[in-house]
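Mapping the sequence shown onto this note's numbering, position 405 (from 1) lands on 405, and the numbers just tick up by one. The structure appears right after this line, and notes come after that.
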Amino acid sequence: MARAPGDPHSTTGPAPGRWAMLAVLCASLLLVAMDATILNVALPSLIDDLRPGPLEQLWIIDIYGLILGGLLVTTGAVGDRWGRKRLFLVGFVLFGVASVLAATAHSSFQLIGGRVLLGLGGAMVMPSTLSLIRNIFTDARERALAIGVWAAVAGAGACVGPLVGGFLVEHFEWQAAFWVNVPVVVVTVAVGVRLLPEYRAPHPGGLDWPGAGLSIVGIVALAWGIKHVAKGSPNPSDVGALVLGVALLALFAWHQLRLEDPLLDVRLFREGPFLAAALATLLAMLAIGAALFLISLWLQYVHGYSPSEAGLRTLPSALAMLVGSLSSPWLMHHAGVRAVLATGLGALAAGFLLLALAPEPTTYPVVAVVLAGLGLGDGLAITASASVLVSAVPAERAGQAGAVSETAYELGVGLGVALLGSIHGAVFSHRMTDRTANLPLRGHDLDTARGSVGGAADVARQVGGDTGRRVLTAARGAFDHALTTTAYVSAGIVVAVTLLTVFMVPRGFKVTGGGH
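Structure below.
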């Protein structure tokens, strides 16, 4: 590990003011995490204003996470070589600029473009926060607590995003969900310039640009393929994108094995705990990312809550997330990593099973318990996984650990909305086809009503009367049924990864100082 010239911070002992540094990093992380979900409750208002189609709606929501996930491996390596503080600050400034672009959008195209740049800025920030924590906190026990705080902020950001978004949309407009980022960016950058130390690898090599290209294109192609194949009736180009993504990522892994200074040391995945931690993060976030998205829509469209009321009703997840994240370091020390991972993933599975088995129509008290289970499980599993990943690499390669953790986290959220959101959409459309067979709708109105619950609500408002009420009733029933089906799929995913985790992590395995 190296420090920039003039850096007053020690590179061997604990960094002075390290908890204040953590506060700066968490402030940035909170915004980046919130932006993954803040539009969930703002989506109905956004739809009314910009009139995006069903596919554009999905892209507006999940392009952020997909871009972020696709770039994290590259940006993590850039931080190791260029400087983690420098990458963090540049990325956060870009995040602020992109927020302005999104806030001033007058078309779906501009908004999607703003979300792409937000993803790029977030990709520069997120691995920097975790890698700086690895460098700043040299004591393993302190680092575990710092990672617990980091995970709590990341998870709470994703959970309170709908609450903040709901308040802003109800009292202002959906654009406020982006404007809120700007003052926080300005203050955080100003403080970070003075407070944060610089760290980089002592003898950085050149950046592997071919490997960077393979990882970026591979992840994006894989995500595209999964998104469109999951919709049903895929065309050859969709299947081709999926195959291309898998092939490029396999080529990326082979290429990294041949390098002395790889972007990502893929040999780390040969270690059972490391692989289990990465899989646990990816698949847990795949399930919970889609759940938070769909539940936010369910609260507004099925139960008719306002954006702020819907956001408030997602708080059980945020509160339980704080409990899980902050208790995870203590539990890992006393019970071991495997027990904490299994407990966290088990809580996720229990939440999804409750949602799946609850009688229809689903009620909010059931959903509140589900949200609490998802938040608790997420806090436990993500904190334990991040601790394992960070401790597996030496300090000078902390960017790799941050990249793996954040790639799994953000790609999981993006793929969850794409894959499970598409499954939910397919079940909803199939159900609506049956329910609207006898309704006097034709042409565009019929296709819109069957396409999404937002489209059905829009058609119901336009046609009004008894037909409008019947369309809305049909949409609510179809959405509820599709949510139950998606919960079964999510539960199956989480149960599978729980069994894999128990198999791959040795009994009594504990996080150490890492890097050896």
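We put the beta carbon where it would ideally sit given N, CA and C, even for glycine.
What residue does the alpha helix (DSSP H) around D445 start on, and which one ends it? The continuous alpha helix (DSSP H) containing D445 extends over residues 443-451.
DSSP three-state label for R51, please. Three-state DSSP puts R51 in coil, outside helix and strand.
Quick one: what does DSSP say A2 is sitting in, helix, strand or coil? Note on A2: pLDDT 42, under 50, position unreliable in the model; the coordinate value appears next. Three-state result, A2: strand.
Three-state class that DSSP yields for L199 in the structure shown: Note on identity: in this sequence residue 199 is Tyr, with Leu being the wrong assignment. Correct three-state label for Y199: strand.
Cα separation between G70 and L292? Looking at the two C-alpha atoms, the distance is approximately 22 Å.
Local conformation of Q175 per DSSP, three classes: Assignment of Q175 by DSSP, reduced to helix, strand and coil, places it in the coil class.
Count the CB pairs spanning the region 296-314 and the region 164-172 that are closer than 8 Å, and state whether there are at least three. Because the criterion of three Cβ pairs below 8 Å is met, the region 296-314 and the region 164-172 touch.
What does the alpha-carbon distance come out to for the pair S317 and L299? In this structure, the CA atom of S317 is about 14 Å from the CA atom of L299.
Alpha carbons only, please: which of S422, A247, V502, L331 is nearest the one belonging to Q57? Out of S422, A247, V502, L331, S422 has the C-alpha closest to the C-alpha of Q57.
Where do the N-terminal and C-terminal ends of the alpha helix (DSSP H) with Q110 fall, by residue? According to the DSSP assignment, Q110 belongs to the alpha helix (DSSP H) that extends over 108-136.
Quick one: any contact between the region 431-446 and the region 499-512, if contact means 3 or more CB pairs under 8 Å? Three or more Cβ pairs closer than 8 Å define a contact, and the region 431-446 falls short of that threshold against the region 499-512.
Enclosing alpha helix (DSSP H) for Q256 [first to last residue]: In this chain, the alpha helix (DSSP H) harbouring Q256 covers 236-257.
So which of L322, E360, L39 has the shortest CA-CA distance to R476? Among L322, E360, L39, the Cα nearest to that of R476 is on E360.
Let me know the secondary structure DSSP gives H424 once reduced to three states. The answer is helix: DSSP assigns H424 an H, G or I state.
Which listed residue (G148, V404, V100, L248) has its alpha carbon closest to that of L175: The sequence given here has Gln at residue 175, not Leu. The shortest CA-to-CA distance from Q175 to any of G148, V404, V100, L248 is the one to V100.
Just checking, does the region 281-292 make contact with the region 398-417 on the three C-beta pairs under 8 Å criterion? A contact exists between the region 281-292 and the region 398-417.
Considering Cα atoms alone, identify which of E410, H424, R18 is closest to T138. That would be R18, whose Cα lies nearest to the Cα of T138.
Among I136, L242, A339, V459, the one whose alpha carbon lies nearest that of P16: Of the candidates I136, L242, A339, V459, the one whose C-alpha sits nearest the C-alpha of P16 is I136.
For the pair the region 383-391 and the region 183-194, tell me if three or more CB-CB distances fall below 8 Å. Not touching, per the Cβ criterion.
Quick one, are the C-beta atoms of L374 and A347 less than 9 Å apart? In this structure, the beta-carbon distance from L374 to A347 falls below 9 Å.
What separation, rounded to the nearest whole angstrom, lies between the Cα atoms of A20 and T188? If you draw a straight line from the Cα of A20 to the Cα of T188, it is about 12 Å long.
Just tell me which of H481, L286, A77, F178 has its CA closest to the CA of L117. Among H481, L286, A77, F178, the Cα nearest to that of L117 belongs to F178.
Determine the direct distance from the alpha carbon of L111 to that of P52, and round the result to whole angstroms. Between P52 and L111, the C-alpha separation is close to 10 Å.
What's the gap between the Cα of F503 and the Cα of L279? The alpha-carbon atoms of F503 and L279 are separated by roughly 13 Å.
Cβ shell of L355 (< 6 Å), same chain only, five flanking positions each side left out: The answer, listed in chain order, is V370, A487.
Straight-line Cα distance separating F509 from G515: At G515 the pLDDT is 43, less than 50, meaning the model places this residue with poor confidence; the figure from the coordinates comes in the next sentence. One C-alpha to the other measures close to 16 Å.
Alpha-carbon to alpha-carbon, D238 and M124: Rounded to whole angstroms, the gap between the alpha carbons of M124 and D238 is 29 Å.
For T75, does the count of other Cβ atoms within 10 angstroms reach 16, so buried, or fall short, so exposed? Per the 10 Å Cβ criterion, buried.
With a cut-off of 8 Å, do at least 3 Cβ pairs link the region 144-155 to the region 327-335? The region 144-155 is in contact with the region 327-335.
Relative to the C-alpha of I522, which residue among L319, L297, D434, R431 is closest? Because the chain spans 1 through 516 in this model, residue 522 falls outside it and cannot be assessed.
Return the chain-ordered list of same chain residues with a C-beta closer than 6 Å to the C-beta of L573, the five sequence neighbours on each side being excluded. Only positions 1 to 516 of the chain appear in this structure, which leaves residue 573 out of reach.
If we call anything under 9 Å between Cβ atoms a contact, is L43 one with G454? Yes, these two residues count as a Cβ contact at 9 Å.
V109: buried (16+ other C-beta within 10 angstroms of its C-beta) or exposed? According to the sequence displayed, residue 109 carries Phe and not Val. For F109, the number of other beta carbons within 10 angstroms of its own is below 16, and it is reported as exposed.
Assigned secondary structure, A310 (DSSP; H/G/I helix, E/B strand, else coil): In the three-state scheme derived from DSSP, where H, G and I count as helix and E and B as strand, A310 is classed as helix.
Would you tell me roughly how many angstroms separate the C-alpha atoms of L46 and G272, rounded to the nearest one? The alpha-carbon atoms of L46 and G272 are separated by roughly 44 Å.
CA-to-CA distance, G218 to R435, given in whole angstroms: If you take the alpha carbons of R435 and G218, they lie about 40 Å apart.
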